[in-house]
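Please read the structure below before turning to the comments.
Numbering (this note's numbering), first residue to last: -8 to 306.
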């Protein structure tokens, strides 16, 4: 894998984990303080728009208090709910329910673990090599295209489309940051999700821009910034034009529905003796003359002709 691609995975993952920890620790400390120092009581939920409004005490000596919560699970309007009340300030309350106190910290802890796993896997990728690397994707620097054969690459500018879609993730993160306030875990989740979406598509765009498919008398090699894969002709027994689409069973008509516009994906694939796909590539690779030469080389080495195959994925 290209070192910069590795950095693009590791640094945001560690930064996201650190940001979540900084956000989560004050909430955890506040929960522990309430458990050990505040008074446990009950209050009736009177309003759930924005900050939750609770009514405490009896009708003769009741008062209202507000609490900012991360979610409303476990709370119902006009129902009693357990509360912690600050002995020094009766207007400061905190919901004492298990979900109210610990669901958000657990969610953030899960995000931290997920991001740390991403960082660790990215740091360790490519250090373990298999005995037989044929048809196995290698997350190591590419050895370059196969020499003495044909070479294809992605259409110029195709990666720009992917970068354009990544702006949706950037917009999600920016809008949440610009809005400010709100429920911290929910906002943090949207920021992390938007950033992860954008970074994933940036890597995909880089992968697309750097993609090269080459073939010679020994086999086929796919190389990108993320790694490479070699498939010898001895592993290949067929080449298919695969049309993959989603379908679902219509209970009223008792039939599987046909694919609809936008649900079909087309890829070219090399398959083994069991019909399993060992390498896929886009039919838009260029130049077109090199694509014809690739099919001719495949026929020469394996005797396989290009076949069409429809693959229905149940939805």
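Note that CB positions come from ideal geometry on N, CA and C, so glycine has one too. Just so you know, these numbers come straight off a predicted model, no measurement behind them.
Where does residue 294 land, buried or exposed, given buried means 16+ other C-beta within 10 angstroms? What you label residue 294 is simply residue 303 of the chain shown in a count that begins at 1. Residue 294 comes out exposed.
Element boundaries [alpha helix (DSSP H), containing residue 69]: Taking the chain shown and counting its residues from 1, the one referred to as residue 69 is at position 78. Residue 69 -> no alpha helix (DSSP H), and no H or E assigned at all.
DSSP-derived helix/strand/coil call for residue 264: In the chain shown, residue 264 corresponds to position 273, counting from 1. Coil at residue 264, not helix or strand.
Please list, in chain order, all residues of the same chain as residue 256 whose beta carbon is under 8 angstroms from its beta carbon, the five residues on each side excluded. As a first step, residue 256 must be located in the chain shown, where it is residue number 265. 234, 235 and 236, listed in sequence order.
Within the same chain, show all residues whose beta-carbon is closer than 6 angstroms to that of residue 7, passing over the 5 residues directly before and after it, in chain order. Residue mapping note: residue 7 aligns to position 16 of the chain shown, counting from 1. So the list reads 106 and 183, once near-sequence residues are dropped.
Measuring alpha carbon to alpha carbon, tell me which of 291, 279 and 262 ends up nearest residue 300. Here the question's residue 300 lines up with position 309 in the chain shown. For residue 300, the nearest C-alpha among the options comes from 262.
Given a cut-off of 8 angstroms on the beta-carbon distance, is the pair residue 15 and residue 96 in contact? Translated into the one-based positions of the chain shown, residue 15 becomes position 24. Translated into the one-based positions of the chain shown, residue 96 becomes position 105. Going by C-beta atoms, residue 15 is nearer than 8 angstroms to residue 96.
Buried or exposed for residue 166, please, with buried defined as at least 16 other CB atoms from any protein chain shown within 10 angstroms of its CB. Along the chain shown, read from residue 1 onward, the residue named residue 166 stands at position 175. With fewer than 16 other Cβ atoms within 10 Å, it is exposed.
Rounded to whole angstroms, what's the CA-CA distance from residue 88 to residue 151? Just pull it up for me. Against the chain shown, residue 88 aligns to sequence position 97. Against the chain shown, residue 151 aligns to sequence position 160. Approximately 49 angstroms between the Cα atoms of the pair.
Check whether the Cβ atoms of residue 73 and residue 37 sit closer than 8 angstroms, and answer yes or no. Here the question's residue 73 lines up with position 82 in the chain shown. Here the question's residue 37 lines up with position 46 in the chain shown. Not in contact: residue 73 and residue 37 (Cβ atoms no closer than 8 angstroms).
Go ahead and pull the three-state DSSP assignment for residue 61. Translated into the one-based positions of the chain shown, residue 61 becomes position 70. Coil.
Note the first and the last residue of the continuous alpha helix (DSSP H) segment covering residue 137. For the purposes of this step, residue 137 is taken as the residue at position 146 of the chain shown. It is not in any alpha helix (DSSP H) - residue 137 carries neither H nor E in the DSSP assignment.
Please state the DSSP three-state secondary structure of residue 274. Stepping through the chain shown from its first residue, residue 274 is reached at position 283. Three-state DSSP puts residue 274 in coil, outside helix and strand.
Residue 168 - containing alpha helix (DSSP H), residue span: Taking the first residue of the chain shown as 1, we reach residue 168 at position 177. Residue 168 -> alpha helix (DSSP H) spans 149 to 170.
Three or more C-beta pairs below 8 angstroms linking the region 208 to 216 and the region 153 to 170: no
In terms of alpha-carbon separation, which member of 187, 12 and 33 lies closest to residue 159? On the chain shown, position 168 is the one that residue 159 refers to. Minimum Cα distance to residue 159 is reached at 187.
Using the three-state DSSP reduction, which class does residue 92 fall into: helix, strand or coil? Indexing the chain shown from 1 puts residue 92 at position 101. DSSP places residue 92 in helix when its eight states are reduced to three.
State the Cα-Cα distance for the pair residue 91 and residue 42, rounded to the nearest angstrom. Working through the chain shown from its first residue, we reach residue 91 at position 100. Working through the chain shown from its first residue, we reach residue 42 at position 51. Taking the straight line from one Cα to the other gives about 13 angstroms.
Simplified DSSP state of residue 3, which is helix, strand or coil: Start at 1 with the first residue of the chain shown, and residue 3 comes out as number 12. Helix, per DSSP.
Flag this pair as yes or no: are the beta carbons of residue 169 and residue 288 separated by less than 8 angstroms? One-based indexing of the chain shown puts residue 169 at position 178. One-based indexing of the chain shown puts residue 288 at position 297. Not a contact, by the Cβ cut-off of 8 angstroms.
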